[in-house]
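Engineer:
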Amino acid sequence: MNSSRLFFIIASGLMAVACGGDALSASLSCAETGTYLGSNPVAGTTLRVTAATAQVASSTMPSHCLIEGAMDERIGPMDGKAYAIKFRMRLPNEWNQKFLMPGGGGANGTLSDATGPGPIAGFTSALARGYAVIVHDSGHDAALADPAKGGVASFGIDQQARVDFGHRSYDVVAQLGKSIIKAFYGKKPVHSYFSGCSEGGREAMMMTNRFPDHFDGVISGCPAMSTPIHQAYASLLAQTFSTLVPGQVDQYGNPLIVKAYTDEDIQLISSAILQACDAQDGLSDGMVNNLAACTDAVVFPKLTAITCSGDKTASCLSAAQVSAWKTVMAGPKTSAGVQIYSGNPWDPGIGGMNGIALNQNFRSWWLGTYSSATNNAIKVTLSAPLHAMVHTTPPVPLSVDQNFAWELGFNRDELMAYASRTTPYYVSSSIQNGLATSTDLTRFKQNGGKLIQYIGQADPAVSPSETIAWWNKLNSEQAGAAASFARLFLVPGMNHGSGGPATDKFDTLTALEDWVERGVAPESILATAVNPGFFGVASRTRPLCPYPTWAHYNGTGDINLASSFTCRP
Ligand SMILES: [Ca+2]
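In terms of the working numbering, the sequence shown is residues 2 to 570.
1) Is the Cβ-Cβ distance between residue 182 and residue 100 less than 9 Å?
2) Tell me the rounded alpha-carbon separation between residue 432 and residue 231.
3) Taking 8 Å as the line, does the beta carbon of residue 288 fall inside it for any heavy atom of ligand 1?
4) State yes or no: is the C-beta of residue 281 nearer than 8 Å to some heavy atom of ligand 1?
5) Checking the sheet assignment: what are the DSSP bridge partners for residue 363?
6) Which stretch, first to last residue, makes up the alpha helix (DSSP H) that contains residue 184?
7) How would you call residue 22, buried or exposed, if buried means at least 16 neighbouring beta carbons within 10 angstroms?
8) Could you name the residues that DSSP lists as bridge partners for residue 196?
9) According to DSSP, residue 567 sits in a beta bridge with which residue or residues?
10) Which residue comes first and which comes last in the beta strand (DSSP E) that contains residue 90?
11) How long is the line joining the alpha carbons of residue 413 and residue 299, rounded to whole angstroms?
12) Between residue 406 and the rest of its own chain, which residues show a CB-CB distance below 7 Å, the 5 nearest in sequence each way excluded?
13) Nearest-angstrom Cα distance between residue 120 and residue 498?
14) For residue 454, list the residues DSSP reports as bridge partners.
15) To the nearest angstrom, report how far apart residue 24 and residue 35 are at their CA atoms.
16) How should residue 7 be labelled, buried or exposed, when 16 other C-beta atoms within 10 angstroms of its C-beta is the threshold for buried?
17) With residue 344 and residue 464 assumed to form a contact (beta carbons below 8 Å), what rounded beta-carbon distance in angstroms separates them?
18) Give a single yes or no on whether residue 292 has its beta carbon closer than 8 Å to a heavy atom of ligand 1.
19) Measure the C-alpha to C-alpha separation of residue 41 and residue 74 and round it to an integer number of angstroms.
20) Can you tell me whether residue 426 is buried or exposed, with buried defined as 16 or more other CB within 10 angstroms of its CB?
21) Leaving out five residues on either side along the sequence, give the residues of the same chain with a beta carbon under 6 Å from the beta carbon of residue 462.
22) Check residue 282 in the structure and name its three-state DSSP category.
23) Whole angstroms is fine: what's the gap from residue 471's alpha carbon to residue 440's?
24) How long is the line joining the alpha carbons of residue 243 and residue 403, rounded to whole angstroms?
25) Following the continuous beta strand (DSSP E) through residue 228, name the residue where it begins and the one where it ends.
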């Protein structure tokens, strides 16, 4: 930028501020936007821009302006490491006048490609649709993770990093994104959306109850909204499955729970659930659409039927295996039997055969890979470090080899105390930092905000029963009218965000646009099976239905076509 232009921007900005208006009224070039941002438009933060460069169109991206930088660069007082909220924003030259902020995943700490909208692939990216898109790492860099002190959750030693991961970074980055849009395009976005799944789904929930003024549409997929608490599941899994593998240990001497069930064992349970519940929805199609009817009372007799009467064989489960599965499905409780976190509903998506291959998604979280010599259940490798390092106060810096033992020895009676505790340095608890389960959406609703939630009925990472309970509570508080602004779409058979014997490809962003911009509420969302081989067919579509409605077969028509189904209670 030449000096006269810079002077003009600063001078006109000062004049506008003096008049009480916006600092900028004209669009800037990409490079000028980077320079302008040096004035740091977000109160209470510092900002350093590291890139502001025009990008030519490629096969995957339209021509756009790329802005990268870091907010709040600092050195952590506890570990001496560099912390910052690093961000990346892409602003397309052909702008649709909208803003999209995708959420993170897992422990965050990385920058995604800023194309949006989220983990469900196969649709035109938000950037290619004309959205300005910003992503960020939520305040810590996964590249600095220390395997000896918490691994991916090492940042939990730092109080500010806990706060930024918990809630603050999403607030300041949303503000920054809008400021960059105002500078580059010369006007505010007409509509702003947040879309995330899993950890990103939790962040999405934050935008409906904690920061309700930033977005007028929110997509919250498989929301890990009670992450300070739901880590208790990892301890339940480790402790229960350990009883099934006497004498089998990993390289650290821990019980090797990957061996607790063979792939064939998992498929036996999946088949038992189908036998119990597939036809209850009026059509035997390998999917359980009427989830509420698939109760313990219906399923347990089918589990009894696959229980070995004698020795364990490939065609039956031991009584201990059946008992253990029932225990973990019921969810984590205290020793007094008080439910800490939701259990899981019965859905055949815990398994599923795509040709001769068992669907590994569910067991990858709960058990790990059967053939593995190490414990690789994601509930151990990811949940344990987060549990110990971020959601326990003071943090417990586990080395990688200690993850399993921590969960195996964890006393769930202490969980709420750990998650609620503060110290003179850790001045806010993990629940205060990151719990996103509030059903107070008053302001979001008043603003005209619309919320679309979705979750797989066989999600092993986040309990669908929790999401259902959350929506029911909201609906009760809204006198039965929550659907006017918040709708939950259950996906039969789907695992964490995608996968499984399911119609797991669907476009929630278009549904949200229709709702927010055209007032057309989603009565159903068309979904396509990514892997129709689970059903032995070439293709399958279904309508996803707003809970508590579900997809009923019309009685006639191709059972692989969504048009043969109707959403109703
Ligand atoms: Ca069915």
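Idealized CB from N, CA, C, for every residue including glycine.
As the structure is a computational prediction, the values presented were derived from the model and not from experiment.
Structural biologist: The structure says:
1) yes
2) 11 Å
3) yes
4) yes
5) Answer is none; residue 363 lacks a bridge partner.
6) 170–186
7) Caution is warranted here: a pLDDT of 38 is assigned to residue 22, below 50, making its placement in the model unreliable, and no coordinate value can be reported.
8) 103, 220
9) 553
10) 83–93
11) 30 Å
12) 255
13) Summary for residue 120: the model assigns pLDDT 44, below 50, so the residue's position carries little reliability; its value from the coordinates is reported in the next sentence. Near 7 Å, if we compare the C-alpha coordinates of residue 498 and residue 120.
14) 221, 489
15) Unreliable positioning characterises residue 24 in this predicted model, as indicated by a pLDDT of 49, which lies under 50. A coordinate reading is not provided.
16) Legend: pLDDT at residue 7 = 42, less than 50; position of this residue unreliable, no value from coordinates given.
17) 7 Å
18) no
19) 13 Å
20) exposed
21) 366, 497
22) helix
23) 7 Å
24) 15 Å
25) Looking at the DSSP string, residue 228 is not in any beta strand (DSSP E); the run it does join, the alpha helix (DSSP H), is 228–231.
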